[in-house]
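Residue numbers (our numbering): -2 to 317. Just so you know, even glycine gets a beta-carbon here, dropped at the ideal spot from N, CA and C.
Structure (structure tokens):
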């Protein structure tokens, strides 16, 4: 179960996050507008596109673009998530052996196209968008979770991999073309403090190995491709990014289940926020401001961190 789903469905976690006071007044925006102020959408969603697929594919693109503008390449090999997604597909009984071979070859080709872009090659929009959506479809299978949910993915036919939805392609291409502000937002002061898809420590492992989108310098950012700027239904986006911050305070576990894990220092995070891609809008909350607001409310941030970790261990250690 993902952190997003835990926050949405677990009543104990809902009660925990409901103790957080209203902190909307703490949200700052790089465009100097109020968070809730009306803005013109630069890339409206395309009718017929799938928001989840496009959002996941955009994550693949933005992480690639961030590497490109920072002159680094840290995702050379196909990610564990994609490899594991393919393995889940193999065990799902939805796809034939021939289908799996098509998907494996397609994933390798798509990853190679992405690497070419990271290294500075210009890729034609449609070709690049199709490659990223191919990877997104596999990640969607990985993120599905339970066997019951995976069985529901039978509508993700092999044809959907071969003939990528044209509306998804156009929607993603429109988002990819909003590049003007990205250098300002995502050029790291120190590339040693740039972490793509950051993984966390022991508590995150209880929540299905939860990982974030980006930590750049001291800023933990979640990417959003929503058609509106918001904190999500019942503040779920806000609670999710606070949950990632809680994960970031623990020693990291570096490695994987095959080679084992070693502990590393926690991330140094002083800001949390969102990048709303359709608006080119970067928003954030200073952790010191959040600490003060929660201290003033009578429920300190440190107490939330401890309660969250205890609850995650009690409910999900050994379960997920």
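Going by C-alpha positions, residue 209 is about 24 Å away from residue 42. Of 202, 241, 232, 204, the smallest CA-CA separation from residue 216 is found for 241. Pairing residue 130 with residue 169 gives a Cβ-Cβ distance under 8 Å. Ranking 82, 65, 136, 89 by CA distance to the CA of residue 112 puts 65 first. Spatial neighbours of residue 9 in its own chain (CB-CB distance under 8 Å, excluding positions within 5 residues in sequence) are listed in chain order as 308, 312.
Each of 105, 271, 127 was checked against the Cα of residue 26, and the nearest Cα belongs to 271. Under the three-state reduction of DSSP output, residue 121 falls in the coil class, being neither helix nor strand. In the structure shown, residue 32 falls within a coil segment according to DSSP collapsed to helix, strand and coil. Counting the other CB atoms within 10 Å of its CB gives residue 237 a total of 16 or more, which places it among the buried residues. Rounded to the nearest angstrom, the gap between the Cα atoms of residue 180 and residue 115 is 14 Å. For residue 283, no alpha helix (DSSP H) encloses it; the enclosing beta strand (DSSP E) starts and ends at 278 to 283. Counting only runs of 4+ residues, the alpha helix (DSSP H) found wholly inside the region 155 to 235 occupies 155 to 159, 163 to 173, 179 to 183, 199 to 203, in chain order. Across the set 93, 78, 84, the C-alpha of 78 shows the shortest separation from the C-alpha of residue 108. Segment contact: the region 95 to 105 against the region 218 to 236, fewer than three CB-CB distances shorter than 8 Å; contact not assigned. By the CB criterion at 8 Å, residue 50 and residue 134 fall inside the cutoff.
Residue 247 has its alpha-carbon roughly 8 Å from the corresponding atom of residue 199. With a contact defined as Cβ atoms closer than 8 Å, residue 245 and residue 264 qualify at about 4 Å. Pairing residue 104 with residue 166 gives a Cβ-Cβ distance that is not under 8 Å. Beyond the five residues adjoining it in sequence on each side, residue 314 comes within less than 8 Å, by CB distance, of 203 in the same chain, given in chain order. In the three-state reduction of the DSSP assignment, residue 103 falls in the helix class, which pools H, G and I. Residue 193 sits close to residue 211, with the two beta carbons spaced by under 8 Å.
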